[in-house]
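In full-length UniProt numbering, the protein residues as written are 1 to 329. Beta carbons: idealized from backbone N, C-alpha and C, even for Gly. Everything on this sheet refers to the single structure shown next.
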């Protein structure tokens, strides 16, 4: 093969490459995957609880249950300070009184019942009884999710007190906290945030029997030809779309094949690969899908564009120029 034939082949290859570069952006891939109105409940915005009556209830009466330890104080009678534990049948044993049913009573109700028994026994006319709850295995809140702790609730306790007693929020934990309370159909959802003022407004009372759920911050993974690859955290109160994630990842690089983006989604043991045309999403011709926890977004690289970016095409063109000069001599 002559030098002129070699040059012709090189020029033809360069022309073909340029044509391919011009054709790639026009490649289309119809998206029929999850749109913003997806029926999936994963990564849907969680409404925060805003009703002050729910966040800060006026009163939450403590009721005695088996296992509780109480100490009885009788005004003007310092010698009468018996301590008793509520038995499995819900009763206590007290001097001068005997067996007394207290299960399910509030402390004021139990105080009145003890006073009535003392009066009925003819020992006191108007006894002033006060009870002190000194131990209560039932008066606890359960913290679950990223923390697994049972926290005693004695007296008034706030959300930050309970989380601190549980060891504090881990770095991977969400600041959106969910509280399930007995007797309430809907959970209480608050956002502690990172602002002390916001945290203070969300520092609600926690009562015995509450379950405090500290969720893990979900992430999506941006891989391939994005300018900044890596994990992007999800906010539980705000959905994250593909375009928003791509923006956070710095946008597609020059070498990215926007028409061949892939979204890898795992639900349980099933993995689905959805093919997307990123340019059609940008143009509003395809829906902007809402990303879910552990989604993997892969933007493939064009070999030719990668070569241009790395200087490979410049080398090719330079070599062709040398051949042209050589042929002219």
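Within the stretch 40-109, the alpha helix (DSSP H) runs of at least 4 residues that lie entirely inside it are, in chain order, 52-55. Here the alpha carbon of residue 253 sits roughly 57 Å from the alpha carbon of residue 139. The criterion of a C-beta distance shorter than 8 Å is not satisfied by residue 234 and residue 176. A direct Cα-to-Cα measurement between residue 188 and residue 125 gives close to 47 Å. With a threshold of 16 other beta carbon atoms within 10 Å, residue 112 falls short and is exposed. When 214, 130 and 137 are compared, the shortest CA-CA separation from residue 71 is found for 130. With fewer than 16 other Cβ atoms from the protein chains shown falling within 10 Å of its own Cβ, residue 172 counts as exposed. Leaving aside the five residues that flank residue 115 on each side, the residues in its chain whose CB is nearer than 6 Å to its CB run, in chain order, 127 and 129. For residue 177, the enclosing beta strand (DSSP E) covers residues 173-180. Among the bridge pairs identified by DSSP, residue 211 is matched with 142 and 180. Residue 222 carries a strand assignment under DSSP once its states are collapsed to helix, strand and coil. The alpha-carbon of residue 219 is positioned some 33 Å away from that of residue 183. Taken through DSSP and simplified to helix, strand or coil, residue 199 comes out as helix. In this structure, the CA atom of residue 96 is about 29 Å from the CA atom of residue 155.
Spatial neighbours of residue 75 in its own chain (CB-CB distance under 6 Å, excluding positions within 5 residues in sequence) are listed in chain order as 128. Taking 8 Å as the cut-off, the beta carbon of residue 302 is found closer than this to the beta carbon of residue 257. Under DSSP, residue 271 shares a beta bridge with 266.
Rounded to the nearest whole angstrom, the C-alpha separation of residue 62 and residue 107 is 7 Å. Scanning its chain for C-beta atoms nearer than 6 Å, with the 5 sequence neighbours on each side dropped, one finds around residue 297 the residues 222 and 263, in chain order. Non-local C-beta neighbours of residue 278 in its own chain, meaning closer than 6 Å and more than five positions away in sequence, comprise 258 and 261, ordered along the chain. Secondary structure note for residue 281: it is in no beta strand (DSSP E), and the uninterrupted alpha helix (DSSP H) holding it is 278-282. Residue 283 is not a Cβ neighbour of residue 48, given a cutoff of 8 Å. A residue is called buried when at least 16 other Cβ atoms come within 10 angstroms of its Cβ; residue 110 meets this threshold and is buried. Only residues of its own chain outside the window of five on either side were considered, and among them 265 have a CB closer than 6 Å to the CB of residue 272, listed in chain order. The residue from 69, 94, 89 and 275 with its alpha-carbon nearest to that of residue 80 is 94.
Distance from residue 210 to residue 166 at the Cβ level is roughly 12 Å; contact not present, criterion being Cβ atoms closer than 8 Å. Per the C-alpha coordinates, the member of 244, 159, 214 and 104 positioned closest to residue 226 is 244. DSSP, reduced to helix, strand and coil, places residue 161 within a helical segment of the structure shown.
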